[in-house]
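Q:
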Amino acid sequence: MWTIMVESKYPYWDGIWHPYKAMESHYNEMSYVELTEQKVKVWNSFATVELGDSIDWNMDPFDNKTWGLYFNSLNWLYSLFWGYDRGVESSERMHNIVTDYCNYLQRGDVNEMAWFDHSTSDRLCFLSVLFRHPIFLEFPQSSRDLITKIAFEHISKIREFYDSKFWFNSNHGVFHALSILNIAQVHPFSKTDYGLESFGAQYLEVSLRGILSIKDAFTLEQSVYYHQLALNLLQTIPESMFEKTSFDQDLTQLIPRMINSNYWVTIDGKQMLPLGDTAYSANIPGIYSSFENPSEKIREFSECGFSIYKSFEPTGKYNTVSFLHQPLRGPHGHFDALSVTISYQNIPYVIDSGGPYKYGDPFRFTYFMSNRAHNNIIIDDKVHQSGSEDVSSSNPYPGVYCLKASHKGYDPVKVSRELFIFEGKGVLVLDKITGIIDSVKIDSLWHFAVGCEIQVMDDSLNAEFSNFNLPIFVSNFDQLNMQIVSGQEGDNPQGWTTDGIGKRHPIQTLVATLDADSDTTMAFFFSLTEGNDFQITEDDFSITTPSGKNIITFNDDTGKSSIHLI
C-alpha cells in the first residue's frame, strides 16, 4: 500500500554533496508539477520534453549528448523528493521510475550516455540521496535489493574511471570522488571492508590538485566558465569530505582569491572572456562578482597558461587584452596557443570562438576546439595541437607592456608572437614565422565580435561596432590577400562563434594570407584611438606615448625584435 508522508526537515541529507544545480533546478514546485504532467526539463539550456506514459530511456529529442547526460543522471527526480517532503506525493512514482531505469541498465542494451562517466557519478549521487531519504523505506524489499545491486555497479564503474587516470585533471574526477564519498555514508556501502571512504578521499585529493592552481587562484581546466564551476565545488563540498583528505591547507580559503581572479577574466565585471569552453557573451554568477580591483594592469596566470592586460580608462570603462600561452591543452581548454583577444570600452572586439558548442559533435573538434577558431597563424590549412613555450613578459617603459611566446606546431617551422600593448593607444601583434624550407601558405586569422563589420580599405582595415570605428594597420599590407569569411562550412570551416549548447552564429573573420618561401614577419596594429601618432612599415613600428617615442624594430642585427625610446 502506497502512503503519503508529511513534510520533514530533511536531516537525512546532512553531509551529502548534491550534483551541480540538482537542488536549484529540480527541487521545486515547477519541476514537480511538470513531472506529474509527464514532462521534464533536464537542464536549463533545453526545452521541456514530454515523457509519455512509459519512459523511453533511449530517447534523444535534441540529438545532444549533454541532454542525454542529464536525462540519464536522474537528477530531475529531485522534484519528486520535493513533492514527497511536502506531503503531496507518494513513493509510488519514484519507485516505478527508478526501478524501471535499473531494469533498463540490467538488460545491458543501453544508450551511449547511460554509463558516460558524468552520468554515472551524478546518478550515484542521486542514489545516495535516495538511500538516505525516507521515501526509500517504502519501497518493497525486492526493489531495494535491485537498486543496491545497481549502485554497486556504479561503484565498479567509478573504480575503472580512477584506474584509467584519465579524469585526474578534470572536474569530472571531482564528481566521481564526491559520488563515492556520498555512497560511503550509506549502509551497506559504508562497511570498512569496501574501503570506499578512503578511496573517495584519495580520488578527491588527486582530482582537486588536478583542477586547481593554488598559485594562480584559478582553474587549470583553461576555461573561464569552469573556473566558476570550481568555485561552486569549493563552496558546496561538505566540510566533512575535505577533512578526509590530506591537504595541508583549507582549500575554502582559496575562494576569495579565486573570486578576485574574476576581475581579470571579465570585460565589464560580468561578461566572461570566452576562453576555452566558455560560451560567448555569458556572464559570471552574481555571487562571484564581488571582487577587488587591483592597481596593476597586467597579470600572468603562469600555471594556467594565459596573461591578461586590463586598464580602467578615463571613460569609466575597461580595455582588456588576453594572450593564451598554455603548454598543454587542459580538459576544457582549446588548441589556441598564442591566440589574442581584445575588448574595447567593455565591449568584445577581437574575440575567441566561444564555448564547447556541442560535446561529442564533430564540428566541436574540427572547428571550435581547433586552431581555426582562434586568432593565430595557420600554415598550409593544417591545424596543430602544440602548446606554447618561451613565455615571457616585461614592462619596458611606463604604459608599455610586452608579452611573448612561441610554438613548434608546424615543425620545423616555428611561430613566435609578441604583443606590445600601449596604454590607451592600441595593441601591436608581431608574428615571426621561421624555419621555412619550402614554400608555405600562411594565414593570419582574426575573429571579430558579433555585429562587428570589417572593411578592407586601400592601405588598412576598419572595424565598425557599437558606434565605434577602429582602424587596423598591417606591416606588409600590400603583400597580403585579405579575405573576410563568415559562416563557412566544409573541410576548412571558418567564421563562427557559439553562445550556448548546440548554438552557433556566423561572425566576420579576417583571413590574411601570405605565400612565403623564407622566414617572414608580419605585424598587425589594432588602434584603440583615432589618433595618428604612429607609423608602421615592413621593418618597424613607432608610436608616441607619454614617455616619448617608442620605436620597435621587428628584426635587429641579432634577428630579434627590440624596443627603444627616443
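For the sequence shown, counting from 1, position 407 maps to 513 in our numbering; every step adds exactly one.
Ideal placement from N, C-alpha and C gives every residue a C-beta, glycine not left out.
Counting only the same chain and skipping the five closest in sequence on each side, list residues whose C-beta sits under 6 angstroms from that of Trp163.
A: Here the set comprises Tyr210.
Q: Which residues in the same chain as Lys510 place their Cβ atom closer than 6 angstroms to its Cβ, once the five residues preceding and following it in sequence are excluded?
A: Result list for Lys510: Ser498, Glu524, in chain order.
Q: Which same chain residues, not among the five before or five after Gly608, have their C-beta less than 6 angstroms away from its C-beta?
A: Closer than 6 angstroms at the Cβ level, and outside the excluded window around Gly608, lie Asn170, Lys464.
Q: Going by DSSP in three states, Val506 sits in which element: helix, strand or coil?
A: Strand.
Q: Out of curiosity, what's the CA-to-CA distance linking Met111 and Gly606?
A: Residue placement at Met111 is flagged as unreliable, the pLDDT there being 35, under the threshold of 50; a coordinate-derived value is accordingly withheld.
Q: Counting pairs of Cβ atoms below 8 angstroms between the segment 555-568 and the segment 462-479, do you hit three or more?
A: Short answer: they don't touch.
Q: Which of the three DSSP states is assigned to Thr142 in this structure?
A: DSSP places Thr142 in helix when its eight states are reduced to three.
Q: I think Ile320 touches Leu302, with their Cβ atoms under 8 angstroms apart; what is that distance to the nearest whole Å?
A: Wrong, their Cβ atoms sit about 27 angstroms apart, outside the cutoff.
Q: Do Leu536 and Ser667 count as a contact pair if the criterion is CB distance below 8 angstroms?
A: Yes, these two residues count as a Cβ contact at 8 angstroms.
Q: Quick one, are the C-beta atoms of Ile613 and Ser592 less than 8 angstroms apart?
A: The answer is yes: Cβ separation under 8 angstroms.
Q: Locate the alpha helix (DSSP H) running through Trp188, then write down its first and last residues.
A: Start and end: 184-191.
Q: Please report how far the alpha carbon of Phe281 lies from the alpha carbon of Ile261, in whole angstroms.
A: Spanning the two alpha carbons is a distance of roughly 13 angstroms.
Q: As an exercise, report each continuous beta strand (DSSP E) stretch of at least 3 residues that is fully enclosed by the segment 474-533, in chain order.
A: For the segment 474-533, whole beta strand (DSSP E) runs of length 3 or above, ordered along the chain, are 483-485, 495-503, 506-516, 519-528.
Q: Which residue wins for smallest C-alpha separation from Phe660, given the options Glu636, Ile672, Thr626?
A: When each option's Cα is compared against that of Phe660, the closest is Thr626.
Q: Under three-state DSSP, which class holds Met57?
A: No answer is possible for residue 57: it lies beyond the span of the chain, which begins at 107 and ends at 672.
Q: Would you kindly work out how many angstroms separate the C-alpha atoms of Ser656 and Leu616, rounded to a whole number?
A: Residue 656 is actually Asn in this sequence, not Ser. Using only the alpha carbons, I get a separation of about 28 angstroms.
Q: Does the Cβ of Ala153 have 16 or more other Cβ atoms within 10 Å, making it buried, or fewer, making it exposed?
A: Exposed: under 16 other Cβ atoms inside 10 Å.
Q: Looking only at C-alpha atoms, which of His124, Gly505, Leu576 sits nearest to Ser449?
A: When each option's Cα is compared against that of Ser449, the closest is Leu576.
Q: What number of angstroms, rounded off, separates the C-alpha of Lys145 from the C-alpha of Phe177?
A: So the alpha carbons of these two residues sit roughly 12 angstroms apart.
Q: Leaving out the 5 sequence neighbours to the left and right, which residues in its chain are closer than 6 angstroms to Asn366 when beta-carbon positions are compared?
A: Same-chain partners within the cutoff: Phe397, Glu398.
Q: Consider the C-beta atom of Phe554 and the heavy atoms of the ligand NAP; say whether any pair is separated by less than 7 angstroms.
A: No copy of the ligand NAP occurs in the structure displayed, which carries no ligand at all.
Q: Would you kindly report the start and end of the unbroken beta strand (DSSP E) that includes Tyr415?
A: Taken as a continuous stretch (DSSP letters only), the beta strand (DSSP E) holding Tyr415 covers 412-418.
Q: Look up Thr643 in the DSSP assignment and say whether it is helix, strand or coil.
A: Residue state, collapsed to three classes: coil.
Q: Please list the segments of the beta strand (DSSP E) lying wholly inside the segment 342-413, counting only runs of 3 or more residues, in order along the chain.
A: Qualifying beta strand (DSSP E) stretches, in chain order: 404-407.
Q: For Thr604, which option in Met628, Leu444, Leu379 has the closest C-alpha, if you only look at C-alpha atoms?
A: When only C-alpha atoms are compared, the closest one is Leu379.
Q: Roughly how many angstroms lie between the CA atoms of Lys488 and Asn481, to the nearest whole one?
A: Lys488 and Asn481: Cα-Cα distance of roughly 15 angstroms.
Q: Out of Gly174, Pro240, Asp215, state which residue places its alpha-carbon closest to the alpha-carbon of Ser197.
A: When only C-alpha atoms are compared, the closest one is Pro240.
Q: Does Leu339 come out as helix, strand or coil in the three-state DSSP assignment?
A: In this structure, Leu339 counts as helix in the three-state DSSP scheme.
Q: Rank Phe272, Ser522, Leu551, Glu529 by C-alpha distance to the C-alpha of Ile539 and give the top, closest one.
A: Residue Ser522 is the option with its Cα nearest to Ile539.
Q: Just to confirm, is the Cβ distance from Pro518 to Ile484 under 8 angstroms?
A: No; because the gap between Cβ atoms is not below 8 angstroms, this pair is not in contact.
Q: What does Gln594 pair with, by DSSP beta-bridge criteria?
A: DSSP output for Gln594 lists Gln600 as bridge partner(s).
Q: Considering only the alpha carbon of each residue, which of Thr298, Arg363, Phe353 lies closest to Arg315?
A: Arg315 has its Cα closest to that of Phe353, out of Thr298, Arg363, Phe353.
Q: If we count the other Cβ atoms within 10 Å of its Cβ and call it buried at 16 or more, is His201 buried or exposed?
A: Its Cβ being crowded by 16 or more others within 10 Å, His201 is buried.
Q: Have a look at Pro117, Leu183, Gly439, Gly121 and flag the residue whose alpha-carbon is nearest the alpha-carbon of Lys147.
A: That would be Leu183, whose Cα lies nearest to the Cα of Lys147.
Q: Roughly how many angstroms lie between the CA atoms of Leu581 and Gln641, to the nearest whole one?
A: One detail in the question is off: residue 581 reads as Ser in this sequence, not Leu. Using only the alpha carbons, I get a separation of about 9 angstroms.
Q: Span of the beta strand (DSSP E) holding Ser428?
A: First-last of the beta strand (DSSP E) with Ser428: 424-430.
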